[in-house]
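Everything in the sequence shown is counted per the UniProt record's numbering, starting at 1 for the first residue and increasing by one.
Everything on this sheet refers to the single structure shown next.
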Amino acid sequence: MLGTIDAVIIGALAFAGGHFALSSAPIRDRAVEAIGEEKFRGLYSLVMLGALVWLILAFRDAPYVEVWLPSAATKWIPNILVPLACILLVAGITTRSPTSVGGEAMMAEPTTLKGILTITRHPFLWGTGLWSLGHLATNGDLASILLFGAVAVLSFAGMPALDAKLRRKVDSAWGPVAMTTSVIPFLAVIQGRTSLDLAGIGWWRLGLGVLVWVLLYGAHPYYAGVWPHPG
């Protein structure tokens, strides 16, 4: 089955659609009631890991089917977006957040919503979203569109879906989080609902994010087969 576009379609649907299906209230609530929260999280992670592995392997072996031909200028787009994505990914992973797994305890501590959370309460998803958009801009084949499109849909549609799940789960405790943070970067700062906390982000997170980008950039020909530099 691998080595076909159909395999990539199956992987993309399983990875993106599986996240939304397993997180939906009817399925999630019944599963948690039946096997418990921790076992559900473990099963959820295992299923999604399997879907991701399938998607990557299917993408690797997929035939090249051109949908559109990117211009040389579009190569600048990932070179602008991916460094930002790496910083957001590092900041999202290293910052305790109410939107991360097990982060509900922060709902009772709104004063802990600092650092990158003053820019957006979904830094990790913005990171994956920008990464996928950057690669969509410079890859016009069908397999790439399916792979990066699935990640983009999961990232950007996942933000309101995750907010809705948390709002339903913690009820009124979600209010302070929604009031002092925003999905759209810098919106809460612009509206005066919070203050930008650059010190809380820390120079080390910015530096580590840039370092991750440099390493990925330098190794790109080895794991992706192409040099990402424009021109």
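Yeah, the Cβ is synthetic: ideal placement off N, Cα and C, and Gly gets one too.
Note that the structure is predicted; figures quoted are calculated from it, not measured.
What's the gap between the Cα of residue i and the Cα of residue j?
i: Gln191; j: Ile184; result: 12 angstroms
i: Gly36; j: Val47; result: 16 angstroms
i: Phe156; j: Leu13; result: 16 angstroms
i: Asn79; j: Leu136; result: 12 angstroms
i: Leu133; j: Trp203; result: 26 angstroms
i: Asp171; j: Leu22; result: 21 angstroms
i: Thr94; j: Gly11; result: 29 angstroms
i: His229; j: Leu142; result: 22 angstroms
i: Glu33; j: Tyr217; result: 45 angstroms
i: Thr4; j: Gly225; result: 19 angstroms
i: Ala58; j: Arg193; result: 45 angstroms
Tell me whether residue i is buried or exposed, calling it buried when 16 or more other Cβ atoms sit within 10 Å of its Cβ.
i: Arg41; result: exposed
i: Met179; result: exposed
i: Pro160; result: exposed
i: Leu130; result: buried
i: Arg60; result: exposed
i: Ile27; result: exposed
i: Ala16; result: buried
Considering only the alpha carbon of each residue, which of the options lies closest to residue i?
i: Tyr64; options: Asp6, Leu113, Ile119 and Leu88; result: Asp6
i: Ala91; options: Leu187, Gly127 and Leu57; result: Gly127
i: Pro83; options: Arg205, Tyr222 and Val226; result: Arg205
i: Ser182; options: Ser195, Gly11, Arg28 and Ile87; result: Ser195
i: Leu158; options: Gly115, Leu117, Gly202 and Phe124; result: Looking at the sequence itself, residue 158 is Gly, so the reference to Leu does not match. Considering only alpha carbons, the answer is Phe124.
i: Asp197; options: Ile116, Ala72, Leu69 and Ser100; result: Ile116
i: Trp68; options: Asn139, Val32, Pro98 and Ile119; result: Asn139
i: Ile145; options: Lys39, Tyr44, Gly175 and Ile9; result: Ile9
i: Ala51; options: Phe186, Ala219, Gly18 and Arg168; result: Gly18
i: Ser24; options: Asp163, Ala188, Lys114 and Trp174; result: Asp163
In this structure, how does DSSP classify residue i when only helix, strand and coil are distinguished?
i: Asp141; result: strand
Closer than 7 angstroms: is that where the CB of residue i sits relative to any heavy atom of the ligand PLP?
i: Val90; result: The ligand PLP is absent from the structure shown, which contains no ligand whatsoever.
> For the 8 angstroms Cβ check, are there 3 or more pairs between the region 136-152 and the region 203-220?
Replying inline: no
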